[in-house]
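Some notes on the structure that comes next.
2 protein chains.
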Amino acid sequence: MNLQNKHLKSNKKIVVLGGDGFCGWPTSLHLSNSGHDVIIIDNLSRRNIDNELEAESLTPIQPMGTRLKVWEEISRRKIDFYNINIANDYDYFLKVIIDEQPDAIIHFAEQRSAPYSMKSPKHKRYTVNNNLNATHNVLCAIVESGLDIHLIHLGTMGVYGYGTAGMKIPEGYLDIEVQTEAGNRIDQQILYPTNPGSIYHMTKSQDQLLFQYYNKNDSVRITDLHQGIVWGTNTKETKMDERLINRFDYDGDYGTVLNRFLMQAAVGHPITVHGTGGQTRAFIHIQDTVRCIQLAIENPPKREERVMIYNQMTETHRVNDLAQLVSELTNGEIAYVPNPRKEAAENDLHVKNDLFLSKGLKPITLDEGLMQEVTKIAKKYASRADHTKIPAKSTWTKEQHPGTLKERATDLVK
Amino acid sequence: MNLQNKHLKSNKKIVVLGGDGFCGWPTSLHLSNSGHDVIIIDNLSRRNIDNELEAESLTPIQPMGTRLKVWEEISRRKIDFYNINIANDYDYFLKVIIDEQPDAIIHFAEQRSAPYSMKSPKHKRYTVNNNLNATHNVLCAIVESGLDIHLIHLGTMGVYGYGTAGMKIPEGYLDIEVQTEAGNRIDQQILYPTNPGSIYHMTKSQDQLLFQYYNKNDSVRITDLHQGIVWGTNTKETKMDERLINRFDYDGDYGTVLNRFLMQAAVGHPITVHGTGGQTRAFIHIQDTVRCIQLAIENPPKREERVMIYNQMTETHRVNDLAQLVSELTNGEIAYVPNPRKEAAENDLHVKNDLFLSKGLKPITLDEGLMQEVTKIAKKYASRADHTKIPAKSTWTKEQHPGTLKERATDLVK
Ligand SMILES: NC(=O)c1ccc[n+]([C@@H]2O[C@H](COP(=O)([O-])OP(=O)(O)OC[C@H]3O[C@@H](n4cnc5c(N)ncnc54)[C@H](O)[C@@H]3O)[C@@H](O)[C@H]2O)c1
Ligand SMILES: NC(=O)c1ccc[n+]([C@@H]2O[C@H](COP(=O)([O-])OP(=O)(O)OC[C@H]3O[C@@H](n4cnc5c(N)ncnc54)[C@H](O)[C@@H]3O)[C@@H](O)[C@H]2O)c1
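Here it is in structure tokens:
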């Protein structure tokens, strides 16, 4: 059964917000399997968005009730679940925190798709409202509970923007030199100036200011993980039973680039590259995601320490190179389509990730993991795919997606 | 009657969000009097907060209906009014924008008291939710309307934090030098890294990220005015009839430092200095506020230009010096009370404000304006004062305002 020691010396009680999601579910199982007591809070909004988009996970994910029952059968460990909208139901959320007294809260519970966040004013507004109130409510509740809870948040590499001429992106903080009135130059360290590429990414930049503030005013201990694009599907635990399987999004809104390529190749759809594919992005495997989060939990910042920021990524790749790689592995054909995003056609990206490496992370590289993903997941569930959901249809501006003022306005003003 | 030319060549249609407030009302009258067509949108939340706090403007402000009727009688100019919560009623708000087709929108409509924003989790959450959704909805509606509307927003000097060792605070953007991977040093200009001192100030830092994003993605033309603390009460227009009088807040939450001192002296209350009074702040007279906004309207940024940021302040003063000044003018006694805020006891503040000066602003200085304020307003309405509302009771942390976890929790979890 491959289960680890259930009686960790440093056993912690951990609340996972967004624990039904793509990263949250495998993280919950991994931590439970490592001996921690896990409580999931999720409002199932991601499943509801599947309904809205008429899209579905390629993998047959089970309802939360089934997931937890199967996990208890297999592991003899119980995970509790609360269906709470943390952006809206503050009082209930606070009550749970006060009752459960967690040592740590891991916060995945945000709307996380950039294309979804750009679909329409309604989607922009939902993303801003959901993500900012969610994060702020978590911080408020931690302070109000009076408990010394360590908050771990999933941020994104996207807050940095896509690289700065010749600069290696540091982990959250930037060393700068500024000039005083007297003309002297002084060194300072600042939060890296952000340049988010979508409304979704922007909410993560705004989250950072919330963290800075609550850390300064209330000494809340916070770790912010600037994560790259996650690829892969399963982890050691989600493989233990098919009913524990993790979500695999392939649709134009929620599918992330590498998983989309793998799935497209598996079902015989052209591998769709946006623009020239000259964009460079940072990546991490889902198994490394759950390990990084465990490392973050085991290395909390001290009480008066500033917000700890890690770059949670292991490799950078140019999108076009990935398409070539997948094409070679699968004999799939590549199709170049107009880029729906507003961004530079090409960019370089050099990223520091020393903090996790120094704490012992041994990254899973694309080379090792990729073929397994293709055969085990994408091919296996190919028959579940709805090909009409593959194209990315959300555009960043109206010019990219024509439609007259009048039509769009009537759409909105009922 | 002192009315200006009603038929300006560059007559504009201007929507004033928050036009019932302390800055918004005199701005609306000033612009109307300058020949512009003004439309006010306000949800009267500030008056409702007066009900909540059981506090009132020292001056007898009239209901919106009376204000607008009197203004029309005096000026023969009509100002339209819509009662809309711009943070909530997006569809109605968008419809008004599409119907009215304004050239400019001035956005005052946020919860603007730092102490109010720190009162309790409810107040923190209200401030974040109201201010961020308000600003985001305005931006969304501008893009969705398809109109090339110039947005003027009222920010605060407070986003900068209170001064950096020996540095003069620039207008929004900071010149820095960073190091490349190759070891070369390159110059960059970034948005000034913020260090907000309350939840309220933090929402203004977050607003800045919204502006940067919508300016970049949708080329929205935006002017952000980082305003100092406003003092004084009336402007040329609000003096024309007592029923046009402007709001004067003196209570512990909404009263700003200089107006509070003036009022305290006028009613024979000790002049309450927080801590040592070593805090240095930036100030501007309400008459200069309305002039600055007019200058901003007359000097819009070009379509592809970055967000234009002005420091809208004219003087800096140490709080203790202001207390001494008012004390000398009035023979009032000074009382030093514990500081409810979490901040440095002393700070210096050097601020650039060249942009408005170069556009012709002739600042009203404290020296000229102060005595008039004391006698004309504070003394005249002294009998309306409720002395129990004077002390500042909102504290920045629980340690400053003791209360057991249990009590506060039951307060919240009904
Ligand atoms: N997947 C990636 O490639 C990736 C990359 C970088 C960062 N991240 C970040 O990691 C986090 C998790 O991403 P994911 O891919 O697992 O996303 P996901 O959408 O699969 O999971 C998010 C979960 O949060 C829940 N949720 C959302 N709003 C909520 C609310 N108000 N109350 C309660 N629950 C709520 C959803 O129902 C969902 O189950 C996100 O914050 C995302 O920004 C993900
Ligand atoms: N007064 C100052 O000293 C000062 C200093 C710096 C910056 N500012 C900024 O200037 C702006 C105006 O300040 P003020 O002193 O006039 O504040 P105020 O509270 O007197 O006015 C704000 C107005 O906005 C309205 N409002 C708030 N939320 C709204 C919403 N969701 N929908 C519609 N209307 C809403 C309120 O009812 C109120 O009439 C604020 O943004 C403030 O941050 C003020």
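Sequence lines, in order, name chains B and C.
Quick note on our numbering: the first sequence kicks off at 1027 and runs consecutively.
Quick note on our numbering: the second sequence kicks off at 1027 and runs consecutively.
Ideal placement from N, C-alpha and C gives every residue a C-beta, glycine not left out.
Examine ligand 1 and report whether any of its heavy atoms sits within less than 7 angstroms of the Cβ of Glu1263 (chain B).
Checking the Cβ of Glu1263 (chain B) against ligand 1 gives no.
Return the Cβ separation of Thr1423 (chain B) and Asn1243 (chain C) in integer angstroms, given the expectation that the two are a contact with Cβ distance under 8 angstroms.
Contact holds; Cβ gap of about 7 angstroms.
Using the C-alpha atoms, what's the distance from Asp1076 (chain C) back to Asn1260 (chain B)?
Straight across, the Cα-Cα distance linking Asn1260 (chain B) with Asp1076 (chain C) is about 55 angstroms.
Where the beta strand (DSSP E) containing Phe1309 (chain C) begins and where it ends
Taken as a continuous stretch (DSSP letters only), the beta strand (DSSP E) holding Phe1309 (chain C) covers 1306–1311.
Residue-chain proximity (Thr1421 (chain C), chain B), Cβ-Cβ < 8 angstroms:
Taking Cβ atoms only, chain B never reaches closer than 8 angstroms to Thr1421 (chain C), which makes this a no.
Buried or exposed, going by whether 16 or more other CB atoms sit within 10 Å of the CB of Met1144 (chain C)?
That one is buried.
What do you get for Ser1000 (chain C), buried or exposed, if any count of 16 or more other CB atoms within 10 angstroms of its CB means buried?
In the structure displayed, chain C extends from 1027 to 1440; residue 1000 (chain C) sits before or after that span and is not available.
Compare the C-beta of Met1339 (chain B) with all C-beta atoms of chain C and state if any pair is closer than 8 angstroms.
Interface criterion not met: the Cβ of Met1339 (chain B) is under 8 angstroms from no Cβ in chain C.
Where Ala1408 (chain C) falls: helix, strand or coil (DSSP)
Looking at Ala1408 (chain C) - three-state DSSP - the assignment turns out to be helix.
Proximity winner among B:Asp1063, B:Asp1106, B:Pro1141, B:Ile1087, relative to Asp1279 (chain B) (alpha-carbon distances)
Comparing C-alpha distances from Asp1279 (chain B) to each of B:Asp1063, B:Asp1106, B:Pro1141, B:Ile1087 shows the shortest one belongs to B:Pro1141.
Using alpha carbons as the reference points, say which of B:Arg1093, B:Arg1072, B:Lys1039, B:Glu1080 lies closest to Pro1052 (chain B).
Nearest C-alpha to Pro1052 (chain B): B:Arg1093.
Hey, does His1376 (chain C) have any beta-carbon neighbour from chain B nearer than 8 angstroms?
Under the Cβ criterion of 8 angstroms, His1376 (chain C) is counted among the residues facing chain B.
Which chain C residues are close to Tyr1116 (chain B), counting only those with a beta carbon under 7 angstroms from its beta carbon?
Arg1151, listed in chain order.
Alpha carbon of Gly1184 (chain C) to alpha carbon of Gly1254 (chain C), nearest angstrom:
Gly1184 (chain C) and Gly1254 (chain C): Cα-Cα distance of roughly 8 angstroms.
For Arg1247 (chain C) and Leu1177 (chain C), what's the separation of their Cα atoms in angstroms?
Rounded to whole angstroms, the separation of the alpha carbons of Leu1177 (chain C) and Arg1247 (chain C) is 6 angstroms.
Given 7 angstroms as the limit, tell me if Asn1155 (chain B) has its C-beta closer than that to any heavy atom belonging to ligand 2.
Asn1155 (chain B) Cβ: outside cutoff for every heavy atom of ligand 2.
Check whether the Cβ atoms of Ile1040 (chain C) and Val1064 (chain C) sit closer than 8 angstroms, and answer yes or no.
Result yes, Cβ atoms of Ile1040 (chain C) and Val1064 (chain C) sit closer than 8 angstroms.
For ligand 1, is there any heavy atom lying closer than 7 angstroms to the beta carbon of Phe1287 (chain B)?
Residue side-chain check: Phe1287 (chain B) keeps its Cβ at 7 angstroms or more from all non-hydrogen atoms of ligand 1.
Would DSSP call Asp1233 (chain B) helix, strand or coil?
Of the three classes helix, strand and coil, the one that applies to Asp1233 (chain B) here is helix, per DSSP.
Pairs of beta-carbons, one from the stretch 1162–1173 of chain C and one from the stretch 1094–1102 of chain C, closer than 8 angstroms: are there three or more?
Output reads no: the stretch 1094–1102 of chain C does not touch the stretch 1162–1173 of chain C.
Per the contact definition of three or more C-beta pairs closer than 8 angstroms, is the stretch 1339–1346 of chain B in contact with the stretch 1303–1316 of chain B?
Per the Cβ contact rule, the stretch 1303–1316 of chain B is in contact with the stretch 1339–1346 of chain B (3 or more Cβ pairs under 8 angstroms).
Under 8 angstroms Cβ-Cβ, which residues of chain C neighbour Asp1347 (chain B)?
Residues of chain C passing the Cβ test: none, with the nearest at roughly 21 angstroms.
Contact set between the stretch 1240–1266 of chain C and chain B, restricted to residues whose Cβ is under 7 angstroms from the partner
Under the 7 angstroms Cβ criterion, the stretch 1240–1266 of chain C contributes Asn1243, Asp1244.
Would you report the Cα separation of Thr1229 (chain C) and Leu1396 (chain B), rounded to the nearest angstrom?
Taken atom to atom, the span from the alpha-carbon of Thr1229 (chain C) to that of Leu1396 (chain B) is near 43 angstroms.
Helix, strand or coil, according to DSSP, for His1343 (chain B) in the structure here?
In the three-state reduction of the DSSP assignment, His1343 (chain B) falls in the strand class, which pools E and B.
Measuring from the CB of Gly1198 (chain B), is there a heavy atom of ligand 1 at a distance below 7 angstroms?
Not so, every heavy atom of ligand 1 lies at least 7 angstroms from the Cβ.
Within 8 angstroms of any Cβ in chain C, is that where the Cβ of Ile1065 (chain B) sits?
With its beta carbon at least 8 angstroms from every one in chain C, Ile1065 (chain B) lies outside the interface.
Under the three-state reduction of DSSP, which class applies to Gly1045 (chain C): helix, strand or coil?
When DSSP states are grouped into helix, strand and coil, Gly1045 (chain C) belongs to the coil group.
What residues from chain C crowd round Pro1003 (chain B), counting only those whose CB sits closer than 8 angstroms?
Residue coverage of chain B in this structure runs from 1027 to 1440, which leaves residue 1003 (chain B) outside it and unanswerable.
I'd like to know if Gln1139 (chain C) contacts chain B, where contact means its C-beta is closer than 8 angstroms to some C-beta of that chain.
Note on identity: in this sequence residue 1139 (chain C) is Ser, with Gln being the wrong assignment. No, because no Cβ of chain B sits closer than 8 angstroms to the Cβ of Ser1139 (chain C).
Output needed in chain order: residues of the stretch 1376–1404 of chain B with a Cβ under 9 angstroms from some Cβ in chain C.
Against chain C - using a Cβ distance shorter than 9 angstroms - the residues of the stretch 1376–1404 of chain B are His1376.
Minimum length 3: unbroken beta strand (DSSP E) runs contained in the stretch 1046–1112 of chain B
Taking only runs of at least 3 residues, the beta strand (DSSP E) segments lying wholly in the stretch 1046–1112 of chain B are 1063–1067, 1106–1108.
Do the CB positions of Gly1192 (chain B) and Glu1203 (chain C) come within less than 8 angstroms of each other?
In this structure, Glu1203 (chain C) does not lie closer than 8 angstroms to Gly1192 (chain B) by Cβ.
What is the DSSP secondary structure of Leu1180 (chain C), counted as helix, strand or coil?
In this structure, Leu1180 (chain C) counts as strand in the three-state DSSP scheme.
Short of 7 angstroms in beta carbon distance, which residues of its chain neighbour Gln1426 (chain B), apart from the five on each side in sequence? Order them along the chain.
Cβ neighbours of Gln1426 (chain B) beyond the five flanking positions: Pro1366.
By Cβ distance below 7 angstroms, which residues in the same chain neighbour Asp1267 (chain C) in space, the five residues on each side in sequence not counted?
Excluding the 5 residues flanking it on each side, Asp1267 (chain C) has same chain C-beta neighbours closer than 7 angstroms at Val1096, Ile1100, in chain order.
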